[in-house]
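Asker: Counted from 1, the sequence shown has number 513 at position 451 by this note's numbering; the numbering is strictly sequential.
Even for Gly, the Cβ is constructed at its ideal location relative to N, Cα and C.
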Amino acid sequence: SQIDYDQKNGFTFSQIPSLRRRLSGHLPSLGKRGLRRIIHRRIPCTRWLSRYRWKEWLARDAIAGATLGIYNIPQGMAYSVLASLPPVFGLYASFFPPLLYFVFGSSFHSSFGVFSITSLLAGQTRLQLLPDHHNHTEKFINGMGPFDPIDVISTLTFTVGIIQLLMAALRLDFLTAYLSDPVVSGFNLGAACHAFIAQIPSLLGVKIAKRPSSFFVLFESVGDIISSLPHSNLPTLIVSSLCILFLISSKSICARVRVLRLFPNELVLMIIVTLLSLLLDLKSSHNVRIIEHVETGMPLPSIPDLRLIPYVIQEAVSISIVAFAVTVSMGKLFGKKHKYSIDTNQELLALGLGGSISSFFSVFPCSTSLSRSLVNEAAGAMTQMSGLFSSLIVLLVILWIGPLLSSLPLFVLSSIVVVALRSLFIKVSELPYLWRFSRTDFAVWIVTAVSVICYDIIEGLAVGILFALFTVILRTQFARTRTLVQIAPNDYRDKRHFPHAKMPVVPIIRFDAPPIFTNCELLRQSVKEAAIEMSGEDSVSSLERGDSWKPLVLDCSTWTYTDSMGVEVLHIEMCTMKILLLFANLRSSVRVQYESSGLYNVLSDNQFYPTIEDAITIAAEFTRQDPFSSFPDLQNKLSKYITALSSE
């Protein structure tokens, strides 16, 4: 039996630790060694810098950082437009956050900075609170103000950072588990649709008022774009189309030629079109919108307006979770490839510090970028030292080179955004695989994408997460019950897949979910059906009128936990239907729970077995002799329990 097995192997019923003991486990010692461990964990650069191979790695990190910095310039300016801000703010977002991630980040290859989804969410938040109108009244929010767009963005970034710091302090990094791959993939596609539609007016050279968030707002925006087509700026439309064609074709060519894979085609495009704009005076001669003014020098630090926090808190929660999920997934991807591990809680702390500190310098919310991270890795980066060199390249543009880009047409930045969104639109190619692998994941993907497209980004993400949780509840509540057959000694499998296998002498069933209150009725019904089938009776009442007890083996290998209702249902059913349940393959954690709940005071030790084979052996003896000869203690316990049930 299980008790014999436990005694032989020294099993002990270790109790669940108290809250004080759990908390003390997370509090490191404050001695010299403990303090050094805290510093190395919370400031990771102190750990890897002490082991840095300067002669071997510095040149590689410098080359990767320079390459990354060149990529950061056009991407930062383009995503700043996506965030509904002047392009120069994208340079700030490409300088401050990477510096902070260099100090606090635990991934060696992730490129932290501007990211399309967080930029789009920030832009939508700003436009909802402060639409792009030219009358003075629009600069006030509920009587407060006046505000500039950067006031809203700075407060949003600060709030995102504070939320992430709170999540790190409360060790809520596990929340990313609720952002499953189908949810994230469907969300990315829906958000890409919003970002794409938002860039079309700039590509056409028209201005379209931003609509407030509502159902089918994306389709209404498409209608506005179609109605504005007759007013398109023809030179803008032609040149922007050529820009998109250049970016797509150059990326395709560079992907095939190894030497050209790090070719900065976005920066080359910006230089060419800027020179063209200067020579042809596109602004005056063809009414093409250009950047016009790029400030030089570092922005003066300013405190975010805390009065705006209640107005941005909802969006800040969504941005903080999305940014963290993307950063962790990228960090794990590169960590697995290069054989190192990341600290998810430290990543949350790095994001929180990066957001809260950067918000004082006019930075919009940031995250890890897959495209830049791949460029960083391909360029030979070894550590986050490449991020430091990247920030230095961006600093040169902020301090001196920025004004040279003042003649850059805005449609070039929109073209860069549109082409960058291709990787998100490709997510639709995952659908055939999801359909074959899991119809549930397919449904989660579709519901999330459709919700984001038909409503809005934040609301659609919430719907996707709730639907994913709903599918988990459904799969637990309506778990399947399997009848097992014998394939080989101590090898029992699902009867559906092995219809010609040997039937055991005693029925064996497996309930493919933990027995809890949501599925206890389903478990009750499964036990009833198995009992009726093995007895040959035609109803439950016939079983209850009978005098003989019958054994039934439960394969408990899928039970990771249970609750009081799940345990009680099993015992009540056993008593009322005269079924002797034999538990096999029960996990240690569940047995500890049974011990704590007092279930062993009602059941016999001889009802628990380490394997199905052991349970079958006892069950076979049970059917050939006096049923309770092997369970003398159980007979007394059952008599008391049945008497108690009858009196209720």
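#1: Could you tell me how far apart the beta carbons of N647 and S666 are, in whole angstroms, since I believe they sit closer than 8 angstroms?
#2: Using the Cβ count rule (16 or more neighbours within 10 Å means buried), how would you classify H198?
#3: For M447, does the three-state DSSP call read helix, strand or coil?
#4: Looking at C-alpha atoms only, which residue of A230, V512, Y240, D213 is the closest neighbour of P363?
#5: Assign D123 to one of two classes, buried (16 or more other C-beta atoms within 10 Å of its C-beta) or exposed (fewer than that).
#6: Going by DSSP, what residues sit across from M206 in a beta bridge?
#7: Among the residues of its own chain, which have a CB less than 7 angstroms from the CB of D518, if the five just before and after it don't count?
#8: Let me make sure I understand the geometry here. Which of S283, I262, L266, L265 has the alpha-carbon closest to that of K272?
#9: I'd like the span of the beta strand (DSSP E) that includes A271, first residue to last.
#10: Which residue from Q669, T221, V437 puts its Cα closest to that of L322?
#11: Less than 9 angstroms separating the beta-carbons of S429 and L413?
#12: Quick one: give me the first and last residue of the beta strand (DSSP E) that Q190 is part of.
#13: For the beta strand (DSSP E) containing D617, list its first residue and its last residue.
#14: Using the Cα positions of I215 and S146, report the straight-line distance between them to the nearest angstrom.
#15: Should T187 go down as buried or exposed, given a rule of 16 or more other Cβ atoms within 10 Å for buried?
#16: In the structure shown, what three-state DSSP assignment does D553 receive?
#17: Can you tell me whether DSSP reads G359 as helix, strand or coil?
#18: Is it right to say T219 is buried, meaning 16 or more other beta carbons lie within 10 angstroms of its own, or is it exposed?
#19: Check whether the segment 217 to 232 touches the segment 490 to 497, counting contact only when three or more Cβ pairs, one atom from each stretch, lie closer than 8 angstroms.
#20: Taking 8 angstroms as the limit between beta carbons, can you name the residues of its chain near A443, skipping five residues before and five after?
#21: Would you mind working out which of N134, V165, P297, N250 sits nearest R183, comparing C-alpha positions?
#22: Could you say if the segment 576 to 592 and the segment 531 to 549 meet the contact criterion of at least three C-beta pairs nearer than 8 angstroms?
#23: Just verifying my parser: in three-state terms, what is the DSSP assignment at H196?
#24: Three-state secondary structure (DSSP) at K564?
#25: Taking three-plus beta-carbon pairs below 8 angstroms as touching, is the segment 386 to 403 in contact with the segment 227 to 241?
#26: So, do the segment 325 to 343 and the segment 460 to 475 have three or more beta carbon pairs nearer to each other than 8 angstroms?
#27: Please go through the same chain and pick out, in chain order, the residues whose beta-carbon is closer than 7 angstroms to the beta-carbon of L643, but skip the five residues on each side of it.
#28: Starting from the Cα of E521, find the closest Cα among V654, I381, K345, R501 and give me that residue.
#29: Work out the CA separation of T545 and K3 for me, nearest whole Å.
#30: Since V150 and G359 should fall inside the 8 angstroms C-beta cutoff, what is the C-beta to C-beta distance between them, to a whole number of angstroms?
#31: Helix, strand or coil, according to DSSP, for T389 in the structure here?
#32: Could you give the residue range of the alpha helix (DSSP H) that holds F504?
#33: For L324, which of helix, strand or coil comes out of DSSP?
#34: Spatial neighbours of V480 within its chain, please: C-beta separation below 8 angstroms, excluding the five flanking residues on both sides.
#35: Specify, as a first and last residue, the run of the alpha helix (DSSP H) that A124 falls within.
#36: Within the same chain, show all residues whose beta-carbon is closer than 7 angstroms to that of I549, passing over the 5 residues directly before and after it, in chain order.
Answerer: In short, the structure shows the following:
#1: Here N647 is actually not in contact with S666; their C-beta atoms are around 18 angstroms apart, not less than 8 angstroms.
#2: With a pLDDT of 43 at H198, under the threshold of 50, the modelled position of this residue cannot be trusted, and the question is left open.
#3: DSSP places M447 within a helical segment (H, G or I) once states are collapsed to three.
#4: Per the Cα distances, D213.
#5: Under this definition D123 is a buried residue.
#6: Answer by DSSP bridge pairing, in chain order: I203.
#7: Hits under 7 angstroms: S275, V279.
#8: A check of alpha carbon separations from K272 across S283, I262, L266, L265 identifies S283 as the nearest.
#9: Careful: A271 lies outside any beta strand (DSSP E) and carries neither H nor E.
#10: Relative to L322, the option among Q669, T221, V437 whose CA is nearest is V437.
#11: Contact: yes.
#12: Not the beta strand (DSSP E): Q190 falls in the alpha helix (DSSP H), residues 178 to 191.
#13: Annotation for D617: the continuous beta strand (DSSP E) segment containing it runs 612 to 617.
#14: The straight-line gap from Cα to Cα measures roughly 10 angstroms.
#15: T187 comes out buried.
#16: Strand.
#17: For G359, the secondary structure class from DSSP, reduced to helix, strand or coil, is coil.
#18: Per the 10 Å Cβ criterion, buried.
#19: By the Cβ rule, the segment 217 to 232 does not count as touching the segment 490 to 497, because fewer than three pairs are nearer than 8 angstroms.
#20: By the criterion of a C-beta distance shorter than 8 angstroms, A443 is surrounded in its chain by R122, D123, A126, G127, L130, F170, H171, once the five residues flanking it on both sides are discounted.
#21: Looking at the sequence itself, residue 183 is Leu, so the reference to Arg does not match. Measuring from the Cα of L183, the nearest candidate turns out to be N250.
#22: With a cut-off of 8 angstroms, the segment 531 to 549 and the segment 576 to 592 count as touching, because enough Cβ pairs lie within range.
#23: Its pLDDT being 48, under 50, H196 is placed unreliably in this model, and the value from its coordinates should be taken loosely. Looking at H196 - three-state DSSP - the assignment turns out to be coil, as it is neither helix nor strand.
#24: In the structure shown, the three-state DSSP call for K564 is strand.
#25: Two segments are said to touch when three or more pairs of C-beta atoms, one from each, lie closer than 8 angstroms; by this definition the segment 386 to 403 touches the segment 227 to 241.
#26: Three or more Cβ pairs drawn from the segment 325 to 343 and the segment 460 to 475 lie within less than 8 angstroms of each other, which places the two stretches in contact.
#27: For L643, the CB contacts under 7 angstroms within the same chain, skipping 5 residues up- and downstream, are L614, L616, L632, M636, Q669 in chain order.
#28: E521 has its Cα closest to that of I381, out of V654, I381, K345, R501.
#29: As displayed, the chain neither begins before 63 nor continues past 710, which places residue 3 out of reach and without an answer.
#30: Contact check for V150 and G359: beta-carbon distance about 10 angstroms, past the 8 angstroms limit, so the pair fails to qualify.
#31: It is helical.
#32: Going by DSSP, F504 is part of the alpha helix (DSSP H) stretching over 501 to 516.
#33: Three-state result, L324: coil.
#34: Within its own chain, the residues whose Cβ lies closer than 8 angstroms to the Cβ of V480, once the five positions on either side in sequence are excluded, are F258, Q261, L265, I306, listed in chain order.
#35: Start and end: 116 to 144.
#36: Apart from the 5 residues on each side of it in sequence, I549 sits with its Cβ closer than 7 angstroms to the Cβ of R555, F560, A563 in its chain, given in chain order.
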